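If you want the working numbering, it's the position in the first sequence, counting the first as 1, plus 497.
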Amino acid sequence: MKPENYDFNHRVFDVVRLIPPGRVTTYGAIAAFLGSKRSSRMVGWAMNLSHAIDPKIPAHRVVNRQGLLTGKMHFSHPDRMQELLEAEGVIVCNDQIQNFNDVFWVPEIPL
DNA sequence: TGAATGACTCGAT
DNA sequence: GATCGAGCCATTC
498 MKPENYDFNH RVFDVVRLIP PGRVTTYGAI AAFLGSKRSS RMVGWAMNLS
548 HAIDPKIPAH RVVNRQGLLT GKMHFSHPDR MQELLEAEGV IVCNDQIQNF
598 NDVFWVPEIP L
């Protein structure tokens, strides 16, 4: 476990925590923000750890670039992700965000 | 040690 | 447009 690896995951968690309620972002956006846009898989893996760290990470606000809730099956309940999103005003239908263009949020270098 | 896997994305065909 | 293959890199077997 290198400090760099920890740093990567830590940054992912940091960015996800910055997502405003009612907004969502993509793995690619986070990966691009951290340096390599093709490292989206690492973001996904970091999300896998997100439920085991403190403070909790709003992983439900992270979807793939199509607006699909690809990670919903990793929640306590598969429908939990959709419930949380809808509770924040995000329209979800068939595991897909309808107003994705409206709620899409890009990490703008939270210096 | 090497190969496989994963909550992804992009460019080419 | 839809489909296919390659790239990314940490973790697991």
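Note that beta-carbon positions come from the ideal geometry of N, C-alpha and C, so glycine has one too.
Note that the structure is a prediction, hence the values are computed from the model and not measured.
Rounded to whole angstroms, P555 and L581 show a C-alpha spacing of 9 Å. From the listed residues D551, L565 and H507, the smallest Cα separation to F597 is found for L565. P518 and E583 have their C-alpha atoms spaced approximately 11 Å apart. Taking the Cβ atoms as the reference, V559 lies roughly 6 Å from V513, within the contact range of under 8 Å. Close CB contacts of N506 within its chain, under the 6 Å cut and outside five residues either way in sequence, are with A543 (chain order). Secondary-structure assignment with DSSP links T523 through a beta bridge to V560. Distance from the Cα of P552 is smallest, within the candidate group Q595, R520 and D511, for D511. Between the C-alpha atoms of S536 and H557 there is a straight-line separation of about 19 Å.
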